[in-house]
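K.L.:
Residue numbers (our numbering): 16 to 392.
Here's a structure for you.
Pasting the structure below:
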């Protein structure tokens, strides 16, 4: 900037400063309005909490209601896109819930895991987080009431389903009430400053599988060892005074554990996304008109049983968006099927389809209904 531009006697400069001051004054006034409206909203939210207290077990986290709120605010035109508005309202909704009652959310791993990030993405920062060693621990903590909700990785876009979670869903009493998808970027972290020093790589098995080609090319001699989570891997790497251990973890873990970034985005495929499920002790009430329902079942051992079951859904105009199978662990070559369908359990067509499908199964269990993510996600 030249001295002339800073000269107060310059008409253009003086005019620009006057316009800038007017705009800033306008923004100050808007900020006060926003703060006043936020305080009004907070008071109404507190009253909602008091009204809920009259019910025996009214939930604080109501996914279908929050979906309605986001849909309403994202329809307001302006320079902020839907994602920006959703980011702002994530914290507003989080704070509103905390005014009613503090929420505890269980997730896999210590700070800086993808589970930790997904929990913040779905619930905002005004929650109490409960880190767990394994996905089984997440289920157990919520089942016994030590946490209100649990967040577990369900499937990855490159590695497929998380089998441990599929197996637990068969037996748990918990219900799926929401989901969140998180872009996954793997980073190699260490106290070392060069790849040449690395002899061991710690990683959650799922993350190691997603970076196997990169590891084979850049660290062919390093031993890849399992960790219970990527956050735990980073924590252990930070304790390695020799500087020969690296961890595959989110970039955030470098800041949390004071590690050097040796390489970024080491996943073999771009566009890597992990989908997380939110688990609760009670089913999510209320349909949005754009929902998912998950069921697990085992079919009868006869010719055409799976076809007949699929026909039960198509005859009632219920689309099956996902089908996955797992060994039942009850007997050899016996399988259970996990199905996600479009629609909510409260819809007549969905209930009718499930009743008809049940005729062709050994058992059928509804895992929950929840708002489907926006099509743009």
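A virtual CB, placed ideally from N, CA and C, is assigned to each residue, including glycine.
How many whole angstroms separate the CB atoms of residue 276 and residue 202, which I take to be in contact at a CB cut-off of 8 Å?
P.N.:
Right, their Cβ atoms sit about 6 Å apart.
K.L.:
Using only alpha-carbon positions, find the residue among 179, 147, 177, 321 that is nearest to residue 165.
P.N.:
That would be 147, whose Cα lies nearest to the Cα of residue 165.
K.L.:
Rounded to the nearest angstrom, what separates residue 50 and residue 356 at their Cα positions?
P.N.:
Residue 50 and residue 356: Cα-Cα distance of roughly 42 Å.
K.L.:
When DSSP builds the beta bridges, which residues end up paired with residue 340?
P.N.:
Its beta-bridge partners are 352.
K.L.:
What does a CB cutoff of less than 7 Å around residue 320 pick up in its chain, not counting 5 residues either side in sequence?
P.N.:
Contacts found: 314, 375.
K.L.:
Which partner residues of residue 122 appear in the DSSP bridge assignment?
P.N.:
Answer by DSSP bridge pairing, in chain order: 146, 166.
K.L.:
Rounded to whole angstroms, what's the CA-CA distance from residue 236 to residue 227? Just pull it up for me.
P.N.:
C-alpha separation (whole angstroms): 13 Å.
K.L.:
Within the same chain, show all residues whose beta-carbon is closer than 6 Å to that of residue 349, passing over the 5 residues directly before and after it, in chain order.
P.N.:
343, listed in sequence order.
K.L.:
Evaluate residue 18 with the Cβ neighbour count: other Cβ atoms within 10 Å of its Cβ, from every protein chain shown; 16 or more gives buried, anything less gives exposed.
P.N.:
Caution is warranted here: a pLDDT of 44 is assigned to residue 18, below 50, making its placement in the model unreliable, and the coordinate value is therefore given only provisionally. Burial call: exposed.
K.L.:
Buried or exposed: where does residue 338 fall if 16 or more other Cβ atoms within 10 Å of its Cβ makes it buried?
P.N.:
Counting Cβ neighbours within 10 Å, residue 338 comes out exposed, since fewer than 16 surround it.
K.L.:
For the beta strand (DSSP E) containing residue 399, name the first residue and the last one.
P.N.:
The first residue shown for the chain is 16 and the last is 392, placing residue 399 beyond what the model contains.
K.L.:
Compute the Euclidean distance between the alpha carbons of residue 90 and residue 98, then round it to the nearest angstrom.
P.N.:
If you take the alpha carbons of residue 90 and residue 98, they lie about 11 Å apart.
K.L.:
Beta-carbon separation of residue 74 and residue 194 under 8 Å?
P.N.:
For residue 74 and residue 194, no; Cβs fall outside 8 Å.
K.L.:
Is it true that the CB of residue 269 sits closer than 8 Å to the CB of residue 197?
P.N.:
No, the Cβ-Cβ distance between residue 197 and residue 269 is not below 8 Å.
K.L.:
Quick one: grab the DSSP three-state call for residue 171.
P.N.:
Here residue 171 sits in strand by DSSP.
K.L.:
Between residue 132 and residue 62, what straight-line distance do the alpha-carbon atoms span, to the nearest angstrom?
P.N.:
For residue 132 and residue 62, the distance between alpha carbons rounds to 30 Å.
K.L.:
Between which residues of its own chain and residue 328 is the CB-CB distance below 7 Å, once the five residues before and five after are set aside?
P.N.:
Same-chain partners within the cutoff: 335, 356, 368, 372.
K.L.:
By a C-beta neighbour count over all protein chains shown, 10 Å radius and 16 as the cutoff for buried, is residue 188 buried or exposed?
P.N.:
Burial call: exposed.
K.L.:
Buried or exposed: residue 219, going by 16 or more other Cβ atoms within 10 Å of its Cβ?
P.N.:
The residue in question, residue 219, is buried, as its Cβ has 16 or more Cβ neighbours within 10 Å.
K.L.:
Note down, one range per segment and in chain order, each beta strand (DSSP E) of at least 3 residues found wholly within the region 275 to 305.
P.N.:
You should have 275 to 278, 288 to 295.
K.L.:
Going residue by residue through the region 233 to 262, where are the continuous beta strand (DSSP E) segments of at least 3 residues, counting only ones entirely within it?
P.N.:
Runs of the beta strand (DSSP E) inside the region 233 to 262: 238 to 241.
K.L.:
Please indicate yes or no: does the CB of residue 169 lie closer than 7 Å to some heavy atom of the ligand HEM?
P.N.:
Absence of the ligand HEM is noted for the structure shown, with no ligands found whatsoever.
K.L.:
With a 10 Å radius around its C-beta and 16 neighbouring C-beta atoms as the bar for buried, classify residue 299 as buried or exposed.
P.N.:
Its Cβ being crowded by 16 or more others within 10 Å, residue 299 is buried.
K.L.:
Please state whether the Cβ-Cβ distance between residue 115 and residue 67 is less than 8 Å.
P.N.:
In this structure, residue 67 lies closer than 8 Å to residue 115 by Cβ.
K.L.:
Is residue 220 helix, strand or coil by DSSP?
P.N.:
DSSP places residue 220 in helix when its eight states are reduced to three.
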